[in-house]
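Novice: Residue numbers (our numbering): 189 to 575. Once you've had a glance at the structure underneath, I'll fire off some questions.
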């Protein structure tokens, strides 16, 4: 069997497991760096390997538009094309399409949209999206779904019916046995719709279950309630992937509610805008108070940026818009996310997750900036470009 998930330990609702894929094993919980357009911005595949990344995410919508899935398959598939030998997950592109607002039209069969690049007209159906992802050749692929406003009940009812019908069609369209297919649970913040979605998809049966439609406007408390509802409804022997959510605090709090897999553009996007994640909070290097700061971004951090450069130098690179600044801050932010995921896993395996969680939040009280406490607004929203 080319895809398998083993649940190795639990500590409360927190889970530690091992995903086996055709391109290698993925210890969970795991944070997946986002390589939207077949690249994780500002770092190379070798950098990702050095950081200890075990799986990355790429995007069907973007790769379909440019350079095209046909070209990628002719060049040996996505792994060969981007020079990444580890596992890859592709999202269906549904979120990007549905975020196009006035440039898309949905019906029962699929969605018609115009490219954000050149305005050209395109059509996604469940069968088309599965075909694109089979061409790309990712280890894990996802169903086409409709990502609705999480607070609009009536529209969520309609969108959920389409999402479920499309999940059936995606499952029927899949032909490659070496790819795992994840269904996507939708339903906004509404318990009855989320339960309906979880039960429908688990009855269909998928290799794993993604949780979509969160971190797009609801509060953290609302997101956490959805996760707490879904935890007992989703099969324990299948991985759970929370889409588009990923700060250090998110990892801690959502693992505590049964999540195994995460992705988010926030760590890399922040880096390109002078932002750094630390265990104590967020640092905005554009702030003048870092102009003469000789200490590393995060004292004690072992990443290349922290072991070689000061906050003052990184601020200089940020203000000068130097590419090296983007690179170094990206290295640091990804290092932190991947390290926290590994620490969480070790804590679960050793039966000390709750003490780790408490210590994490005690540390996150410095004045460098807020670090997404368990309450407050959710926020790893992707724009239509997904960049």
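We put the CB at the ideal spot given by N, CA and C, even for glycine. These numbers were taken from a predicted model, which means no experiment stands behind them.
Can the beta-carbon of residue 352 be found closer than 9 Å to that of residue 385?
Specialist: The answer is yes: Cβ separation under 9 Å.
Novice: Evaluate residue 521 with the Cβ neighbour count: other Cβ atoms within 10 Å of its Cβ, from every protein chain shown; 16 or more gives buried, anything less gives exposed.
Specialist: The residue in question, residue 521, is buried, as its Cβ has 16 or more Cβ neighbours within 10 Å.
Novice: Rounded to whole angstroms, what is the Cα-Cα separation between residue 209 and residue 443?
Specialist: Whole-angstrom Cα-Cα distance: 22 Å.
Novice: Out of curiosity, what's the CA-to-CA distance linking residue 421 and residue 479?
Specialist: Computed Cα separation, rounded: 51 Å.
Novice: Tell me the rounded alpha-carbon separation between residue 554 and residue 468.
Specialist: For residue 554, the predicted structure reports a pLDDT of 48, less than 50, and the residue's modelled location is therefore unreliable. A value from the coordinates is still provided. Each residue's alpha carbon lies about 5 Å from the other.
Novice: Would DSSP call residue 296 helix, strand or coil?
Specialist: Looking at residue 296 - three-state DSSP - the assignment turns out to be coil, as it is neither helix nor strand.
Novice: Taking Cβ positions, are residue 449 and residue 216 nearer each other than 9 Å?
Specialist: Yes. Within cutoff.
Novice: Output the distance between the C-alpha atoms of residue 301 and residue 293, rounded to the nearest integer angstrom.
Specialist: Approximately 6 Å, taken between the alpha carbons.
Novice: Apart from the five residues just before and just after residue 367, which ones in its own chain have a Cβ nearer than 6 Å to its Cβ?
Specialist: Answer for residue 367: 329, listed in chain order.
Novice: Please state whether DSSP places residue 404 in a helix, a strand or coil.
Specialist: Reduced to three states, the DSSP call for residue 404 is coil.
Novice: Can you give me the C-alpha to C-alpha distance between residue 339 and residue 431, rounded to a whole angstrom?
Specialist: Their Cα atoms are separated by approximately 18 Å.
Novice: Thinking just about the alpha-carbon of each residue, which of 546, 276, 490, 418 is nearest to the one in residue 378?
Specialist: It is 418.
Novice: Would you call residue 538 buried or exposed, if buried means 16 or more other Cβ atoms sit within 10 Å of its Cβ?
Specialist: Burial call: exposed.
Novice: Skipping 5 residues on each side, what residues in its chain have a beta carbon closer than 6 Å to that of residue 270?
Specialist: So the qualifying residues of the chain are 226.
Novice: Which residues bound the beta strand (DSSP E) around residue 212?
Specialist: 212-216 is the extent of the beta strand (DSSP E) around residue 212.
Novice: To the nearest angstrom, how far is the alpha carbon of residue 495 from that of residue 286?
Specialist: Taking the straight line joining both Cα atoms gives about 42 Å.
Novice: With residue 425 and residue 206 assumed to form a contact (beta carbons below 8 Å), what rounded beta-carbon distance in angstroms separates them?
Specialist: About 12 Å; that fails the 8 Å criterion.
Novice: The alpha helix (DSSP H) spanning residue 268 covers which residue range?
Specialist: That run of the alpha helix (DSSP H) goes 266-270.
Novice: Do residue 211 and residue 267 have their C-beta atoms closer together than 9 Å?
Specialist: It is a contact, given that the beta carbons lie within the stated cut-off.
Novice: Rounded C-beta distance between residue 506 and residue 473? I'm assuming under 8 Å.
Specialist: So it is a contact: roughly 5 Å between Cβ atoms.
Novice: Spell out the partners DSSP gives residue 451 in its beta bridges.
Specialist: Bridge partners of residue 451: 220, 433.
Novice: List the whole-angstrom C-beta distance separating residue 576 from residue 434, where the pair is believed to meet the contact cut-off of C-beta under 8 Å.
Specialist: Any property of residue 576 remains undetermined from this structure, which presents the chain solely from 189 to 575.
Novice: Can you give me the Cβ contacts of residue 360 inside the same chain, cut-off strictly under 6 Å, excluding the 5 residues immediately before and after it?
Specialist: Within the same chain, residue 360 has no close Cβ partners at all.
Novice: Less than 9 Å separating the beta-carbons of residue 283 and residue 375?
Specialist: For residue 283 and residue 375, no; Cβs fall outside 9 Å.
Novice: Assuming residue 239 contacts residue 523 under a Cβ cut-off of 8 Å, what Cβ separation, rounded to an integer in Å, is found between them?
Specialist: 6 Å between Cβ atoms; contact.
Novice: What's the call for residue 203, buried or exposed, on a 16-neighbour Cβ count within 10 Å?
Specialist: Its Cβ being crowded by 16 or more others within 10 Å, residue 203 is buried.
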